[in-house]
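If you read the protein sequences in the order shown, they are chains A and B.
Last residue of the first sequence: 313 in UniProt numbering, with the numbers rising by one and none dropped.
Last residue of the second sequence: 682 in UniProt numbering, with the numbers rising by one and none dropped.
Glycine residues also receive a C-beta, built at the ideal position from the N, C-alpha and C atoms.
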Amino acid sequence: MAELAVDKHVKYILAVEKNKDSFESVVMDHLRMNGAYWGLTALDLLGKLDSVNVDEVISWILKCQHESGGFSGNIGHDPHILYTLSAVQVLALFNKLDVLDIDKVATYITGLQNEDGSFSGDMWGEVDTRFSYIAICCLSILCCLGKINVEKAVSYILSCKNLDGGFGCTPGGESHAGQIFCCVGALALTGSLHYVDKDLLGWWLCERQVKSGGLNGRPEKLPDVCYSWWVLSSLIMIDRVHWIDKEKLVKFILDCQDVENGGISDRPDDAVDVYHTYFGVAGLSLLNYPGLKAIDPAYALPVDVVNRIFFSG
Amino acid sequence: MHGRPRKAPKPEDEAASSAKAQKLRALQTQFFSFHHNKIYTKEAVELSAKLLEINPESYTAWNYRKLAVEHYLNLPDCNPDSIKSVLDDELRVVENALRQNFKSYGAWHHRKWVLSKGHSSIDNELRLLDKFQKADSRNFHAWNYRRFVAESMKRSEQDELKYTEDMIYANFSNYSAWHNRSVLLSALFDKKAEGFLLKEKVLPEEYEFIHQAIFTDPDDQSGWFYHLWLLDQTVTTDSPLLASSWPGHGSDVLLVGDRCYNGSAFSPFSALHSDSGSFPIVLYFNQPVRGVNSSTVTVECGFNKNEDLLWKPLSASNSQTARVWVAHLKVSSSDLHSTVEVSVGHTKGIISTRGFEYSHPSMLSFKVHVQPMERDSSQVSVAESISLREENFKVYGKQSEESIIDSFDQLIIKNGHETTASNWRFEALAKEIECFRELLSLVDCKIGKLTLARLLKAYDAMSYPFANKLVHSEEVLELYSDLMKLDRTHYQFYKDERSIVLLQKYKDSVSSAICGPICLRLNNLSLSRMGAFEKLLWVQMLDLSHNELQSIEGLEAMQLLSCLSLRNNKLRSLTALEPLRKLKLLRILDISYNQIGDHSIDTTRYVCSSPLSHSVGSELNRDETVTSDVALINNWEAFYIFKDFNLNQLDIVGNTIADEKFKSVLVKIMPKLKQLDGKLLD
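Written out as structure tokens, the structure is:
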């Protein structure tokens, strides 16, 4: 079986961070904050977070914060809840949450909760359970979850539960592994997992594993490394991960590596990117791959980072 | 980011990419200048359209366009025509963007936003959707948008149902269409719409429909989950029912103090050791409910009505919803014999999570006998140093086989009202069983075996209290064994299902302590999962050693447990012991020779109550003596799990975590512990 080419992946991630001139890079300009989270968390899991210049990163992050308290995807762009979470997660990685005015960030997020408990992504009102997860995860990291109406947030998420046990982006929306991760994660963080029918959802999730050993995101779709995170972390949170063949999945992820140039792709022999590199490494961490730091399935941050937030003096 | 083949970068490619990148950057810089300076001229807005055509994911450009539209709509000289032109422009830009990437969240939301301005024709939208859904019938953005449009147009569920039918006939392998169908049907059932009042009329047609999908290509998953939903609709009663209880109706409970039981008149199944003169009443429902309290469940003991009984839900964290509820009843020591009557649901208030009321009031009645105290208190305390090893017990004799079966099943409540009403359910199940047997005779397929196993289980469960036997369990066990070989990827899933079936039919192996309660022996059965709790509520001593349990989910229902062995199993973390926190009578626990400490990933981290899931109070009652010596950050699992335990005896040897340091932490967290790994503590 192939091995994880740790050094190549570290080099790849650092190179992506520096390369701002390719077309791919410019096209992803608006979500650089997400990219920072993917790249840096992957580096931390690989034990190489110290390869980056912390001060540079933090200074850039703070330049992305707006008056409203929210963060944008990059300098010049508008604020959005998506990038606010990534910003907070990156600061947590570096144990630098104290550079934040926590009330300011909390105010931005609480302002996005709607009457029915759902969350909008920004002032323009798009509603999606992804944003519910983001709000709950972000405020949990900042230790002020109580600032939103948790009960209503949970009841909105439950209104998106489907008859197959999964969750969609809005009520009636088809079950999709990404949405399931967000909803199960949000329910986990709010002590509400008992609302999940673990056997029903567990079966739906374990049937994402196809013959090649990879996982797809919904029935009759192609496997993709990113589902090694969305599906796997969901299975772990509901304690049903033993229902898939973990070894086969490890092999699939390792087959998606570009062992010459570094990086991981969605499927074997496809182009690599930092998004799939992160999800591949995070997936391997959840599968107990040796040499990787353990990652928390709900906060999507290394376990030692999460424990530091909740259990130190 | 998805589906692009890996290519070695060639210099010409890099140069071209660099040129494109520079062009896009220039466009972006210009765009930012307009956006930050709030410039909404025609040229500026046109530029943003160019940007979005190249990169529909540039979300700030969509925001800018919304600001531009609002700017125009607020101009003093705007009129219906100019407004229409502005909004039509937006719709055109969205269409172009969707052609680039029909999965763009930004584009779809912008379209919704434009329509909400109220000036555009929504009829167009169905036509647009049709185009997109023909191009990709699984595009969930399109389906979501379709639901949004259908609602705005007030299209009926019946019309939309017809649409799903058309999509499915075009291609059975359309999970999205089946999903939408389930949403629509569900709504029609809930509304009790005309033509959808009787499930027994609607479901047979749906079964016919889904058979076509499954039988055409049994390996295609699209129909599997819809079929499972149909099965659930066939089998599940809407209103919650009481499935089982302890004490059982008509039983005799003997409360003995903290010493040997000497009863010959009473079955050892119902002798409960209780130092406090109180005992639990456990109610086990067929689905999670809320609203169990002293108004909805009344308890009369002798001539006294217990009005202050506190009913607690056995669920994680602060949830007020649970399948199992418990209250503790204290009997006065002067009343040696009392009759207790428990009335469930005579007052409204018990409601299932789906919102259905408990509608069939039931009553349980049992007798409580208190064994009088003996003057000689030098007898061996049963609570001291119990070892569950075989030689300390005598095996319960064959002559008592009947009472064993009685005890397992006595607790099951026979809900008589169900028989006559459910004939259509039996018929539907019988027909499905026949269909799937036929499928399996033609194709040896996984879905065939799995569905047949589920159907047979459902049939048995529905007929159970009356049939007194689970007719199909042998066949079901064999189907799961077949599946474990046929679909090795999901081996553990079938093994877990099989374990539960095994427990449901298990009747043997009970042994009685020489002077103590019954120990139920479920060891060496290759159990990977526990279940059948509704039959096991009476158990005080349980031997689950030498199995393959990596979870004890559901064990919190066994409220009478005082003695539990999980020796030689596959428990992987302390958090897996969460269900035991609710067992207030547990005194002896053996978790030796498991895998606690071996694994870096904890799969029960979020089903345990801890600050991580915001399911403990923020005012942590941190015992000073614990946290002064013990770094909470390294031992939080031990702290949160064990701090509420009331154990006398614990065995933990054979787990990687159980070094001397850890054992001393445990002793600090559980000061009342008398024995650890066979060693007496001071």
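Tell me whether the beta-carbon of residue i lies closer than 9 Å to the beta-carbon of residue j.
i	j	result
A:Arg218	B:Tyr175	yes
A:Leu287	A:Leu215	no
B:Leu184	B:Thr164	yes
B:Leu427	B:Leu231	First, the amino acid is wrong: residue 427 of chain B is Glu here, not Leu. Contact: no.
A:Ile75	A:Gly39	no
A:Gly69	A:Ala106	yes
B:Phe102	A:Cys169	no
B:Leu560	B:Leu544	no
B:Leu364	B:Gly248	yes
Could one say the Cβ of residue i lies closer than 9 Å to chain A's Cβ atoms, at least one of them?
i	result
B:Thr625	Confidence in B:Thr625 is poor, its pLDDT being 45 and thus under 50, which makes the residue's placement unreliable; the coordinate value appears in the next sentence. No, because no Cβ of chain A sits closer than 9 Å to the Cβ of B:Thr625.
B:Gln221	yes
B:Asp232	yes
B:Val183	yes
B:Asn547	no
B:Pro579	no
B:Gly3	yes
B:Tyr163	no
B:Asn594	no
B:Pro218	no
B:Lys582	no
B:His346	no
B:Tyr175	yes
B:Phe225	yes
Do you know how far the Cα of residue j is from the Cα of residue i?
i	j	result
B:Asn648	A:Ala300	39 Å
A:Ser72	A:Asn261	31 Å
A:Gly283	B:Arg147	34 Å
B:Val607	B:Pro313	16 Å
A:Asp269	A:Asp258	8 Å
A:Leu235	A:Ala188	12 Å
B:Ala493	A:Glu3	Per the sequence shown, residue 493 of chain B should be read as Phe rather than Ala. Answer to the nearest angstrom: the Cα atoms are 28 Å apart.
B:Lys330	B:Gln504	32 Å
B:Ser187	A:His176	A quick correction: the sequence has Ala, not Ser, at residue 187 of chain B. In a straight line, the C-alpha of B:Ala187 is about 21 Å away from that of A:His176.
B:Val93	B:Asp136	21 Å
B:Leu24	A:Val27	8 Å
A:Ser178	A:Ala5	What sits at residue 178 of chain A in the sequence shown is Gly, not Ser. Answer to the nearest angstrom: the Cα atoms are 27 Å apart.
Distance cutoff 9 Å, beta carbons only. Does residue i sit that close to anything in chain B?
i	result
A:Ser155	no
A:Pro223	no
A:Met33	no
A:Glu17	no
A:Val6	no
A:Gly213	yes
A:Thr190	yes
A:Ile244	yes
A:Ser159	no
Assign residue i to one of three DSSP states: helix, strand, or coil.
i	result
B:Met541	strand
B:Trp178	helix
B:Cys563	strand
A:His242	helix
B:Asn262	Residue placement at B:Asn262 is flagged as unreliable, the pLDDT there being 48, under the threshold of 50; the coordinate-derived value follows with that caveat. Here B:Asn262 sits in coil by DSSP.
B:Ser338	strand
B:His2	coil
B:Pro11	helix
A:Ile295	strand
Check whether the stretch 77-84 of chain A and the stretch 97-104 of chain A touch, using three or more Cβ-Cβ pairs below 8 Å as the test. no
With three or more beta-carbon pairs closer than 8 Å as the criterion, would you say the stretch 333-349 of chain B touches the stretch 219-238 of chain B? no
The stretch 156-168 of chain A in contact with the stretch 103-112 of chain A per 3-pair CB rule at 8 Å: The stretch 156-168 of chain A and the stretch 103-112 of chain A do not touch, with fewer than 3 CB-CB distances between them shorter than 8 Å.
Any contact between the stretch 53-65 of chain A and the stretch 112-130 of chain A? By contact I mean 3 or more CB pairs, one from each, below 8 Å. no
Counting Cβ pairs, one atom from each stretch, are 3 or more of them under 8 Å apart for the stretch 561-577 of chain B and the stretch 270-285 of chain A? no
Contact between the stretch 18-33 of chain B and the stretch 237-254 of chain A: three or more CB pairs below 8 Å? no
For the 8 Å Cβ check, are there 3 or more pairs between the stretch 121-133 of chain A and the stretch 176-196 of chain A? Touching, yes.
Quick one, which residues of the stretch 118-142 of chain B are near chain C if we go by CB-CB under 8 Å, in chain order? Here chain C cannot be found, since the structure's protein chains are A and B.
At least three beta-carbon pairs within less than 8 Å, the stretch 91-105 of chain B to the stretch 68-77 of chain B: no
Segment contact flag, the stretch 19-38 of chain B with the stretch 667-679 of chain B, C-beta cutoff 8 Å, min 3 pairs: no
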